[in-house]
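Participant:
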Amino acid sequence: MAENRSIVVKIGSALLANSDLLTPRFSFIQRLLEDVAQLRSEGYNVILCSSGAVALGLKTVGETPETAGVSDKQAAAACGMPLLLNAYKQVGHEYGFEIAQVLLTLGDFEDHRRFLNTRNTVHRLLEAGVVPIVNENDSITTEEIRVGDNDRLAAKVAQMVGAKDFVILTCVEGLYDRNPDDPEAKLVEEVGDVGEYMEATTGKSTLGTGGMTTKLKAANMAQEAGCTTYIANGEHERPLSAVLSGERRCTKCLPHPNPLSGKDSWIANRLQMAGSIEISKELADELVTEKRSIRREDILAMDGDFTRGDVLHLYDSEGVERARGLSDFTSEEIRVMTFNPDTPEEQLLGYRTKGEVIRANNLVMLENRHLLWDAPEGMTPA
Numbered sequence: 001m002a003e004n005r006s007i008v009v010k011i012g013s014a015l016l017a018n019s020d021l022l023t024p025r026f027s028f029i030q031r032l033l034e035d036v037a038q039l040r041s042e043g044y045n046v047i048l049c050s051s052g053a054v055a056l057g058l059k060t061v062g063e064t065p066e067t068a069g070v071s072d073k074q075a076a077a078a079c080g081m082p083l084l085l086n087a088y089k090q091v092g093h094e095y096g097f098e099i100a101q102v103l104l105t106l107g108d109f110e111d112h113r114r115f116l117n118t119r120n121t122v123h124r125l126l127e128a129g130v131v132p133i134v135n136e137n138d139s140i141t142t143e144e145i146r147v148g149d150n151d152r153l154a155a156k157v158a159q160m161v162g163a164k165d166f167v168i169l170t171c172v173e174g175l176y177d178r179n180p181d182d183p184e185a186k187l188v189e190e191v192g193d194v195g196e197y198m199e200a201t202t203g204k205s206t207l208g209t210g211g212m213t214t215k216l217k218a219a220n221m222a223q224e225a226g227c228t229t230y231i232a233n234g235e236h237e238r239p240l241s242a243v244l245s246g247e248r249r250c251t252k253c254l255p256h257p258n259p260l261s262g263k264d265s266w267i268a269n270r271l272q273m274a275g276s277i278e279i280s281k282e283l284a285d286e287l288v289t290e291k292r293s294i295r296r297e298d299i300l301a302m303d304g305d306f307t308r309g310d311v312l313h314l315y316d317s318e319g320v321e322r323a324r325g326l327s328d329f330t331s332e333e334i335r336v337m338t339f340n341p342d343t344p345e346e347q348l349l350g351y352r353t354k355g356e357v358i359r360a361n362n363l364v365m366l367e368n369r370h371l372l373w374d375a376p377e378g379m380t381p382a
């Protein structure tokens, strides 16, 4: 599989489902898969990350986008997914290719072993000439285990397969410098730092779960993995190839010139915060030039209940996020060690250890490359 010729495409619900009838929009699916077939004939691997299952199942469970609660949406997803996949399968067969469903949850991205297993599955499908259609498993996910939006889910898939291009198809031409309803709003055609535009991104569609904010967060994840992101209107002929060839207007988010390695990208780009620790600003500044392990005596405060191998967010004493890294201990073990600073780690934990909370080679400095997360309120002093 030519990974550098892989394209990940995220399709919004409003493109796939008629907002009034809540039925599949076969005209759009036809245009989309015709374009996919053309790209495949040119040697590209195409992975679709498709919304739409919940929207297509709402009528079956007797709900609307405005009235549906969490359990209604879970049931609607179970009803809508067969409709969505059947539409893709019917049209895909017209163009001579098979499709496969890949349902994921938050843990498939946040747990490294499951992340690698999922990547292997997607690679195998591509090797077989099958188009993977990826979606969050909305029929079983709850708020605690949700990714929450398919924009960032798709960005994680792009990172997972080492994609060259990531296309987000939506109902607008791209990112505007202010609310698109403003007559003076201008399309931003090229973006280096997505953080400059976060304040201009508000609003979302009736059928979707994300707006332009989640699209920029997704673009930032893709940038760090060396992937070019396009945010474009899907209501056109050749919705993909015309964007990739530069034939029509869209927003192009440039990849970082020095992308992170696969491991560092996985550590740095999170979908949910497992836990956090606070260190001094002086130590955080030192880590920029000389990375070292984080030990228990470095921890000033912490938050969250996490396990060994979870990724922790590191904040300095001014509340600024500075790094992310893999924890070598559970939250309970760290609390025991920090509350008993004069007792050897081995005596406290009952096993031999070097006492490194985060090893140097498992620590990724953010260095103004990433969108930073706010520090949790009320971190517990160590």
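Going by the UniProt record's numbering, the sequence shown opens with residue 1, and the numbers climb by one from there.
Where a beta carbon is used, it is the ideal one built from N, C-alpha and C, also for glycine.
A quick note: this is a predicted structure, and the numbers were derived from the prediction, not measured.
(1) In this structure, does DSSP put K59 in helix, strand or coil?
(2) Suppose you measure from the CA of G107 to the CA of R114; what does that come to, to the nearest Å?
(3) Quick check: S331 and G378, are their CB atoms within less than 9 Å of each other?
(4) Applying the criterion that 16 or more other CB atoms from any shown protein chain within 10 Å of the CB defines a buried residue, is N340 buried or exposed?
(5) Suppose only complete runs of 3+ residues qualify. What are the beta strand (DSSP E) ranges in the region 135-186, listed by chain order?
(6) Consider the C-beta atom of S50 and the heavy atoms of the ligand ZN; say whether any pair is separated by less than 8 Å.
(7) What is the rounded straight-line gap between the Cα of G325 and the Cα of R270?
(8) To the nearest angstrom, how far is it from the Cα of H236 to the Cα of D138?
(9) Report yes or no: do three or more beta-carbon pairs, one from the region 151-170 and one from the region 11-29, lie closer than 8 Å?
(10) Just to confirm, are A382 and I294 a CB contact at a threshold of 9 Å?
(11) Starting from V122 and walking both ways along the alpha helix (DSSP H), at which residues does that stretch end?
(12) Rounded to the nearest angstrom, what separates L244 and D165 at their Cα positions?
(13) Taking all protein chains shown into account, do 16 or more other C-beta atoms lie within 10 angstroms of the C-beta of F351, making it buried, or fewer, making it exposed?
(14) Go ahead and pull the three-state DSSP assignment for S253.
(15) Skipping 5 residues on each side, what residues in its chain have a beta carbon closer than 6 Å to that of A2?
(16) Roughly how many angstroms separate the alpha carbons of H370 and P257, rounded to a whole number?
(17) Name, in chain order, the residues that DSSP records as bridge partners for P132.
(18) Have a look at G262 and L363 and give me their C-alpha separation to the nearest angstrom.
(19) What does the alpha-carbon distance come out to for the pair A200 and P344?
(20) Pull the bridge partners of I294 from the DSSP assignment, please.
(21) Do you know offhand how far C49's Cα is from W373's?
(22) Roughly how many angstroms lie between the CA atoms of V157 and L348, to the nearest whole one?
(23) Taking the beta strand (DSSP E) that A323 belongs to, which residues open and close that run?
Facilitator: In brief:
(1) Correct three-state label for K59: coil.
(2) Near 7 Å, if we compare the C-alpha coordinates of R114 and G107.
(3) Taking 9 Å as the Cβ cut-off, S331 and G378 do not qualify as a contacting pair.
(4) By the Cβ neighbour-count rule, N340 is exposed, with fewer than 16 other Cβ atoms within 10 Å of its own.
(5) As far as the region 135-186 is concerned, its whole beta strand (DSSP E) runs of at least 3 residues are 165-170.
(6) Judged by which ligands are present, the structure shown has none, so any question about the ligand ZN falls away.
(7) The straight-line gap from Cα to Cα measures roughly 11 Å.
(8) Linking H236 to D138 through their CA atoms gives a straight-line distance of about 29 Å.
(9) Three or more beta-carbon pairs drawn from the region 151-170 and the region 11-29 are found closer than 8 Å, and the two stretches are therefore classed as touching.
(10) A382 places its beta carbon 9 Å or farther from that of I294.
(11) Its alpha helix (DSSP H) spans residues 112-127.
(12) Distance between the alpha carbons of L244 and D165: 8 Å.
(13) Sequence check: residue 351 is Tyr here, not Phe. Exposed.
(14) Here residue 253 turns out to be Cys, not Ser, going by the sequence shown. DSSP places C253 in strand when its eight states are reduced to three.
(15) Its pLDDT being 42, under 50, A2 is placed unreliably in this model, and the coordinates cannot settle the point.
(16) As the crow flies, the alpha-carbon of H370 is around 14 Å from that of P257.
(17) Partner(s): A100.
(18) Approximately 13 Å, taken between the alpha carbons.
(19) If I take the Cα positions, the gap works out to 51 Å.
(20) When beta bridges are read from the DSSP output, I294 appears opposite I358.
(21) Distance between the alpha carbons of C49 and W373: 25 Å.
(22) Cα to Cα, the separation comes out at about 40 Å.
(23) In the DSSP assignment, A323 falls within the beta strand (DSSP E) that extends over 321-326.
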